[in-house]
């Protein structure tokens, strides 16, 4: 019996060591947010002056819980998440928002003070030059998001840019593995097991296939079908969720597109139909134009029932037509929360404010309540984590 106890004691440290072993991260993912202004509480409806959703005066609540949700879905929480990817948090802050940005550093974000990446007065064509400063959520300042492309690609092979009213519920490893698949030399993804299996699990909108290998995946996004009438040919990208590979050539091309200023009222960029909706002069329109027209086949539209989920109904109320223009459409509000990777509090009110679901039907209210429950669950875990330190 004594010999058995000795053997057990010898085995226990090895068992404990195995429990606490964390693999080497496959890569470090940059998670970025943008802050365009400090907000104006006296006139919350003035989107341009307020700087949009990113400058809600209570944004620090969103910044803290968003970061913790990413932490829980990363390798730093490996024994629960099983993720193999590390993360770093970055905040692109416009100089007009510098006075309220110190909270980011205290939360563990790296703050990068950034001017709008172009001078509006240098935009060549008058219509865009005059209107870009007074359209969309944040005028020309929304283009701070382009700095995601300008991060160090050696340090961060992938950047996830999110709005502050977002929440990560499950690891995004499959997206990362599939994106890195074409870059790998055989040591990780490539034609290996991880890359192949990940590609089969990525949920693509309308069940479209991923770009065939060896064609790269340069970006993921979802579209905002709520901003257009059913059947609109070129639907804008939803600006609060963008996953890209850093690439200075892409950054410079975007800036060149804006400075050229070839945006037509109604028909959008180059008159090709990438316009006619909220945010068309900003990220929503220019990203759609960039990936659908300038560089087709290099980006993937993810299924909005799994990624960047917003609790929006599938049909236009006045016509009962599917918002995505298809004959049949799935109601994302019926998706079990445990299958969702990320949510975005657009139609659902911000969780750090009292719920204001006036005018929403019972289905939307129910799923919003569940999303809010997830946000408060992660917020409570953050408080417990802080108290334990």
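Residue numbers (the numbering used here): 453 to 841. Every residue gets a Cβ at the ideal spot worked out from N, C-alpha and C, and that includes glycine. These numbers were taken from a predicted model, which means no experiment stands behind them.
Handout entry: Simplified DSSP assignment, three categories, for residue 804
Key = Here residue 804 refers to the residue found at position 352 of the chain shown. Here residue 804 sits in coil by DSSP.
Handout entry: Cβ-based neighbour list, residue 653, same chain, cut-off 7 Å, excluding 5 preceding and 5 following
Key = Numbered from its first residue, the chain shown carries residue 653 at position 201. Excluding residues within five positions, the ones whose Cβ falls inside 7 Å are 626.
Problem - Rounded separation between residue 754 and residue 823 - CA only - result: Taking the first residue of the chain shown as 1, we reach residue 754 at position 302. Taking the first residue of the chain shown as 1, we reach residue 823 at position 371. Approximately 20 Å, taken between the alpha carbons.
Exercise for the section: For the beta strand (DSSP E) containing residue 526, list its first residue and its last residue. Expected result: As a working mapping, residue 526 is identified with position 74 in the chain shown. Taken as a continuous stretch (DSSP letters only), residue 526 belongs to no beta strand (DSSP E), as it is neither H nor E.
Exercise for the section: Going by DSSP, name the residue or residues bridged to residue 774. Expected result: Here residue 774 corresponds to residue number 322 of the chain shown, with the count starting at 1. 767.
Problem - Unbroken alpha helix (DSSP H) run spanning residue 679, endpoints - result: Along the chain shown, read from residue 1 onward, the residue named residue 679 stands at position 227. Neither: residue 679 is in no alpha helix (DSSP H) and is coded neither H nor E.
Handout entry: Cβ pair count under 8 Å reaching 3, the segment 560-575 against the segment 687-697
Key = no
Problem - Burial state of residue 580 (16 or more Cβ within 10 Å) - result: Residue 580 sits at position 128 when you count from the first residue of the chain shown. By the 10 Å Cβ count, residue 580 comes out buried.
Exercise for the section: Inspect the CB distances between the segment 569-588 and the segment 705-714 and report whether three or more fall short of 8 Å. Expected result: yes
Handout entry: Closest by C-alpha distance to residue 875, when choosing among 553, 537 and 714
Key = Because the chain spans 453 through 841 in this model, residue 875 falls outside it and cannot be assessed.
Exercise for the section: Would you list the one or two residues that DSSP bridges to residue 541? Expected result: Sequence index remark: in the chain shown, residue 541 carries index 89 (1-based). DSSP output for residue 541 lists 483 and 561 as bridge partner(s).
Problem - N- and C-terminal bounds of the beta strand (DSSP E) containing residue 753 - result: In the chain shown, counting from the first residue as 1, residue 753 sits at position 301. Element bounds for residue 753: 751-753.
Handout entry: Close beta carbons around residue 662, own chain, < 8 Å, minus the five adjacent residues each side
Key = Here the question's residue 662 lines up with position 210 in the chain shown. Here the set comprises 630, 651, 654, 656, 669 and 752.
Problem - Euclidean distance between Cα positions of residue 825 and residue 474 - result: For the purposes of this step, residue 825 is identified with residue 373 of the chain shown, where counting begins at 1. For the purposes of this step, residue 474 is identified with residue 22 of the chain shown, where counting begins at 1. Straight-line Cα distance between these residues: approximately 30 Å.
Exercise for the section: Decide if residue 496 is buried, meaning its Cβ has at least 16 other Cβ atoms within 10 Å, or exposed. Expected result: What you label residue 496 is simply residue 44 of the chain shown in a count that begins at 1. Any reading at residue 496 is ruled out, since the residue's pLDDT is 44, under 50, leaving its predicted position unreliable.
Handout entry: Pair within 9 Å by beta-carbon distance, residue 794 and residue 624
Key = Start at 1 with the first residue of the chain shown, and residue 794 comes out as number 342. Start at 1 with the first residue of the chain shown, and residue 624 comes out as number 172. Going by C-beta atoms, residue 794 is nearer than 9 Å to residue 624.
Problem - Segment contact, 8 Å Cβ cut-off, at least three pairs: the segment 792-811 with the segment 611-618 - result: yes
Exercise for the section: Return helix, strand or coil for residue 727, following the three-state DSSP convention. Expected result: Here residue 727 refers to the residue found at position 275 when the chain shown is read from its first residue. Residue state, collapsed to three classes: coil.
Handout entry: Pairwise C-alpha distance: residue 726 and residue 740
Key = For this step, residue 740 is matched to residue 288 along the chain shown. For this step, residue 726 is matched to residue 274 along the chain shown. Taking the straight line from one Cα to the other gives about 7 Å.
Exercise for the section: Please say whether residue 597 and residue 694 have beta carbons closer to each other than 9 Å? Expected result: Position 242 of the chain shown, counting from 1, holds the residue named residue 694. Position 145 of the chain shown, counting from 1, holds the residue named residue 597. It is a contact, given that the beta carbons lie within the stated cut-off.
Practice task
Return the chain-ordered list of same chain residues with a C-beta closer than 7 Å to the C-beta of residue 733, the five sequence neighbours on each side being excluded.
Solution key: Within the chain shown, numbered from 1, the residue matching residue 733 stands at position 281. Only 580, 583, 584, 587, 588 and 715 meet the Cβ criterion.
Exercise for the section: Decide if residue 489 is buried, meaning its Cβ has at least 16 other Cβ atoms within 10 Å, or exposed. Expected result: Taking the first residue of the chain shown as 1, we reach residue 489 at position 37. Per the 10 Å Cβ criterion, buried.
Practice task
For the alpha helix (DSSP H) holding residue 450, just list the boundary residues, first then last.
Solution key: Outside the displayed range of the chain (453 to 841) lies residue 450, so it cannot be described from this structure.
Exercise for the section: To the nearest angstrom, report how far apart residue 539 and residue 512 are at their CA atoms. Expected result: Against the chain shown, residue 539 aligns to sequence position 87. Against the chain shown, residue 512 aligns to sequence position 60. Each residue's alpha carbon lies about 19 Å from the other.
Problem - Range of the contiguous beta strand (DSSP E) that encloses residue 860 - result: It is not possible to answer for residue 860, since the shown part of the chain is limited to 453 through 841.
Exercise for the section: Going by CA-CA distance only, name the one from 529, 836 and 608 that's closest to residue 541. Expected result: For the purposes of this step, residue 541 is taken as the residue at position 89 of the chain shown. Checked all of 529, 836 and 608; the closest Cα to residue 541 is 608.
Exercise for the section: Please classify residue 554: is it buried, with 16 or more other beta-carbons within 10 angstroms of its beta-carbon, or exposed? Expected result: Locating residue 554 in the chain shown gives position 102, where the first residue counts as 1. With fewer than 16 Cβ atoms within 10 Å of its Cβ, residue 554 is classed as exposed.
Handout entry: Three-state secondary structure assigned by DSSP to residue 546
Key = Taking the chain shown and counting its residues from 1, one reaches residue 546 at position 94. Correct three-state label for residue 546: coil.
Problem - Buried/exposed call for residue 491, threshold 16 Cβ in 10 Å - result: Working through the chain shown from its first residue, we reach residue 491 at position 39. Buried: at least 16 other Cβ atoms inside 10 Å.
Problem - Residue environment, residue 815, which counts as buried when at least 16 other CB atoms sit within 10 Å - result: Taking the chain shown and counting its residues from 1, one reaches residue 815 at position 363. By the 10 Å Cβ count, residue 815 comes out exposed.
Problem - As assigned by DSSP and simplified to three states, the class of residue 835 - result: As a first step, residue 835 must be located in the chain shown, where it is residue number 383. Helix at residue 835.
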